[in-house]
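So this note's numbering is basically just the index in the sequence shown, starting at one, shifted up by 485. Heads up, the beta-carbon is just placed ideally off N, CA and C, and yes, glycines get one too. Predicted model only: the values in this text are computed from it and were never measured. Worksheet: one structure, shown below.
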Amino acid sequence: MNRLQLSHRYGLFMGLFFVSQFVVLPVMTPIFMSFGMTIPQIGMIMATMGITVMLLELPTGGLADQIGRKKVFLGSIAFSASSYLTLLLLPTFAGGVIAMFLWGASIAISSGTLTAWFVETFNQSEGDMTLQTGFSRVGVRTSFFAAVGALLCAGIMFVGNQWGYDDRTLYDFALSVGLICLVLVFAIGWVWVKEQREFQPFTRDVFTTIPKQVRTGVIAAKHPVLWRLLFAMFLTIPIASAIEKFWPVRFEDLAGEQPLEWVYGFTYAVTMFLGSAAAAFTNWMTEKLNQQMGKVLVVSVMFRLIAATVFALSGDLILFVLLFICYDFTNHLGKSAYNHLLHHATDDNVRSTIDSLNSLVMRVGGVTGSLLCGFGAAYVGLINIWLLCVVIGVGALFLFKSPLLNESHEPADSTN
């Protein structure tokens with residue numbers, strides 16, 4: 486299997502996983518609203534997910550480096566399925582907290598697993614395709630299937646409303662579809678994913694080596710490229726989290742009593758389809774900027790912050806949705822360039838740990854955005870919180886401009 490074939494098949498496999506997520510994700514906040522939750526309660530529920538990820542991220546990343554990526558990934562699918570079951574069976578504040586704990590655990594466990602497997606398998610495969618191009622091809626496919634999942638969500642809500650079903654029933658149906666997809670992901674992953682390296686067996690002794698593995702990964706993160714990437718990630722995530730989690734609140738205010746729940750899935754479908762275009766556009770920018778990945782990220786973040794500002798200030802319902810789509814398109818720009826820099830500066834021995842550290846930083850930023858919206862909006866308003874997050878994101882531009890992010894680097898030394 487050459488690099489092109491691997492990128493294609495891995496993209497399709499992860500695409501099915503994205504269907505399982507995006508058939509539910511567009512209506513996640515509305516699900517909690519249907520439970521009768523207030524904005525502060527939704528903020529606490531979402532923060533539960535982020536805090537869980539923060540607590541489990543590095544240990545589980547170290548575990549994947551020790552016992553293998555496949556075992557840990559399959560375990561994460563079980564946690565994800567459990568979160569969906571909890572939402573189906575326990576539609577209360579407590580149920581929301583438990584479900585987001587389980588979902589957070591699944592995110593923490595899965596990060597640093599198949600991405601590391603893909604990079605290592607990609608590097609050992611035949612072909613002259615660059616890693617950035619491989620990530621871009623995967624991104625095109627995952628964005629397409631995420632759009633399919635979101636469009637399926639929109640179809641469930643639209644057709645269900647036309648047939649007279651209440652929103653709660655339709656949310657449960659979407660969760661059931663997501664569960665079926667997760668079962669398929671587990672089965673295919675069990676058969677298709679083959680480890681290229683020998684890992685330790687999963688025993689109690691493994692847990693005693695995890696702290697050392699985590700320390701090794703943290704030391705590797707001092708690499709001049711890695712710490713800049715991670716800090717820049719932290720600065721850009723609050724605005725992404727604040728908009729993603731709380732735009733339905735503003736949408737509900739603008740929509741009034743109109744039955745527009747189907748718009749959530751439709752909007753996410755459009756943004757995911759455009760995500761494929763964003764991956765292709767990132768490739769074009771990379772070529773035009775002579776493979777200087779830092780400059781690609783500067784342009785991407787500039788577009789993102791401008792789009793977020795215009796979106797936050799919009800007050801018309803249709804314009805609000807259109808601007809959200811534009812913002813989300815910019816949110817997909819530069820992802821393959823970021824992943825290229827991250828993994829080019831990372832050694833195989835700590836790849837899962839660094840990937841988990843990257844996810845941890847992202848979740849810390851996400852919790853920051855959720856808490857700012859959940860509690861700050863009551864005092865200064867949701868729009869002003871969004872604008873504050875935009876200001877925070879400006880700092881990332883200075884980090885991405887660094888010459889160190891616009892040239893090749895040796896992998897991080899994990900032996901120090």
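Item, Value
"Any 3 or more C-beta pairs closer than 8 Å across the region 801 to 817 and the region 566 to 579", "no"
"Nonlocal neighbours in the same chain, by C-beta distance under 7 Å from residue 584, ignoring five residues either side", "568, 571 and 572"
"For residue 587 and residue 671, believed in contact at Cβ under 8 Å, the rounded distance", "The Cβ separation is near 15 Å, so there is no contact."
"Among 754, 818 and 763, nearest to residue 779 - alpha-carbon criterion", "818"
"Neighbourhood of residue 500 by C-beta distance below 7 Å, restricted to the same chain and skipping five residues each side", "626, 627, 629 and 630"
"Burial state of residue 555 (16 or more Cβ within 10 Å)", "buried"
"Helix, strand or coil at residue 680 according to DSSP, with G and I counted as helix", "coil"
"Coil, strand or helix - residue 740 by DSSP", "helix"
"Option in 520, 707 and 760 with minimal Cα separation from residue 653", "520"
"Start-end ranges of the alpha helix (DSSP H) lying completely within the region 786 to 870, minimum 4 residues", "802 to 817, 820 to 829, 836 to 856 and 862 to 865"
"Cβ pair residue 599, residue 607 closer than 8 Å", "no"
"Alpha-carbon spacing of residue 837 relative to residue 596, whole angstroms", "7 Å"
"Cβ contact (3+ pairs, closer than 8 Å) linking the region 862 to 872 and the region 751 to 761", "no"
"Within 8 Å, strictly: CB atoms of residue 605 and residue 487", "no"
"Rounded separation between residue 489 and residue 619 - CA only", "7 Å"
"Residue 884 to residue 824 span [Cα, whole Å]", "16 Å"
"Own chain, CB closer than 7 Å to residue 669, minus 5 neighbours either side, in chain order", "501"
"Burial state of residue 712 (16 or more Cβ within 10 Å)", "exposed"
"Secondary structure of residue 457, DSSP reduced to three states", "Coverage of the chain is limited to positions 486 through 901, which leaves residue 457 absent and any answer about it impossible."
"CA-to-CA distance, residue 726 to residue 927, given in whole angstroms", "No answer is possible for residue 927: it lies beyond the span of the chain, which begins at 486 and ends at 901."
"Inter-residue spacing [alpha-carbon to alpha-carbon] between residue 592 and residue 703", "20 Å"
"Assigned secondary structure, residue 488 (DSSP; H/G/I helix, E/B strand, else coil)", "helix"
"Under 8 Å between C-beta atoms of residue 723 and residue 874", "yes"
"Proximity of residue 512 and residue 749 at Cβ, strictly below 8 Å", "yes"
"Any 3 or more C-beta pairs closer than 8 Å across the region 530 to 537 and the region 846 to 856", "yes"
"Cβ neighbours of residue 860 in the same chain (closer than 7 Å, five flanking residues each side left out)", "525 and 528"
"Cβ shell of residue 844 (< 6 Å), same chain only, five flanking positions each side left out", "542 and 596"
"Residue 564 to residue 826 span [Cα, whole Å]", "30 Å"
"Residue 834 to residue 649 span [Cα, whole Å]", "55 Å"
"Local Cβ density within 10 Å of residue 880, reported as buried at 16 or more and exposed below that", "exposed"
"Buried or exposed (CB count within 10 angstroms, at least 16 for buried), residue 871", "buried"
"Proximity below 8 Å, CB of residue 721 to CB of residue 795", "no"
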